[in-house]
Structures are given as structure tokens and as C-alpha cells.
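Using my numbering, the letters of the sequence shown map in sequence onto residues 592 to 720.
Built from N, CA and C at the ideal position, the CB exists for glycine as well.
First comes the structure, then the notes that go with it.
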Amino acid sequence: MSQWIKACGIDDIQPNAGGCVKIGEHQIAIFNENRETWYAVQNMCPHKQQFVLSRGLIGKQGDIPKVACPLHKNTFSLQTGEHLGGNCAYHLRTYPIRVVDQEIQICLQDESPSSSATQTTQCETQHAQ
Ligand code: FES
Numbered sequence: 592m593s594q595w596i597k598a599c600g601i602d603d604i605q606p607n608a609g610g611c612v613k614i615g616e617h618q619i620a621i622f623n624e625n626r627e628t629w630y631a632v633q634n635m636c637p638h639k640q641q642f643v644l645s646r647g648l649i650g651k652q653g654d655i656p657k658v659a660c661p662l663h664k665n666t667f668s669l670q671t672g673e674h675l676g677g678n679c680a681y682h683l684r685t686y687p688i689r690v691v692d693q694e695i696q697i698c699l700q701d702e703s704p705s706s707s708a709t710q711t712t713q714c715e716t717q718h719a720q
């Protein structure tokens, strides 16, 4: 079962930047483009297992929105989590994300209900726009 869980308010994340939230055991980096399109990926960089991706620079590689790790500059697709240098071992987990009434919500699988849970419907949206 999956459910939408409140992560933070949209004003908690600077425009065109990232922020980090911790929900249960999940440390999640949230990014936005002009506060219109939102992405959520694991905060841990798979290169050296450092929890730093929320502080990475975001940009584009062609049409692909990406984040560059602030430590060694590995880059990852914010849509798929793919390592844009082609290293399949460095794949990020991505999370469905949406905005409801100025609130950023992330869909987590098999997460036990908590007081921050706002809905318990099946998650369908991959990236909020
Ligand atoms: S820790 Fe992220 S690229 Fe090295």
C-alpha cells in the first residue's frame, strides 16, 4: 500500500533549489523548477553514501532536469534517478510528489500511517507540475 504524506510547505523550499525532509527512515531531497514542477529523490548520493543531494545544483542536460552532487559532481536525472554519466550502479530512488493546497506531499510505499499522513489513496502522480 502506498500513501501520500505531507513533507513540507512549498514556501519551505527556495525557488529553483532543493531542500531535505526526513519521513520515517526516508531522507528525501525535494527540488523545484520555479515552484511549478517538483521532484523528489533520495538525499543520499550513491557514490560515497553521503546525504548531500538536496544541496546540489539543479539544471538541465538537454531536456532532462538534473541535480549535480555537491561533492564530486556526479549528475542524476530528477525524473528517473538515472546517473547521467551512464553508471547504472549510481541510480537514485525517485518518489512521486504532488502539491495540494501549498503543501508538498510525497508518496511512500508500505509506510506505516502517521499523524502527518494526509491521504491513504493509491499514489498516481509521478512529478507535480
Ligand atoms: S558523494 Fe556524490 S558524487 Fe561523490
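Residue i CB to nearest heavy atom of the ligand FES below 7 Å
| i | result |
| --- | --- |
| residue 657 | no |
| residue 648 | no |
| residue 639 | yes |
| residue 611 | no |
| residue 660 | yes |
For residue j and residue i, the rounded distance between their alpha carbons
| i | j | result |
| --- | --- | --- |
| residue 716 | residue 629 | Bear in mind that a pLDDT of 48 at residue 716, under 50, signals an unreliable position, so the number given afterwards is only what the model happens to contain. Cα-Cα distance, rounded: 11 Å. |
| residue 686 | residue 695 | 12 Å |
| residue 668 | residue 596 | 23 Å |
| residue 675 | residue 665 | 8 Å |
| residue 663 | residue 673 | 16 Å |
| residue 690 | residue 657 | 20 Å |
| residue 681 | residue 633 | 12 Å |
| residue 700 | residue 592 | 6 Å |
| residue 603 | residue 610 | 8 Å |
Residue i Cβ short of 7 Å to the ligand PLP heavy atom set
| i | result |
| --- | --- |
| residue 664 | For the structure depicted, the ligand PLP is absent and the ligand set comprises only the ligand FES. |
Cβ-Cβ separation, residue j to residue i (assumed contact under 8 Å), whole Å
| i | j | result |
| --- | --- | --- |
| residue 642 | residue 618 | 6 Å |
Report task. Would you mind listing the alpha helix (DSSP H) stretches within the segment 618-697 that are 4+ residues and don't spill past its ends, in chain order? Result -> You should have found no qualifying run.
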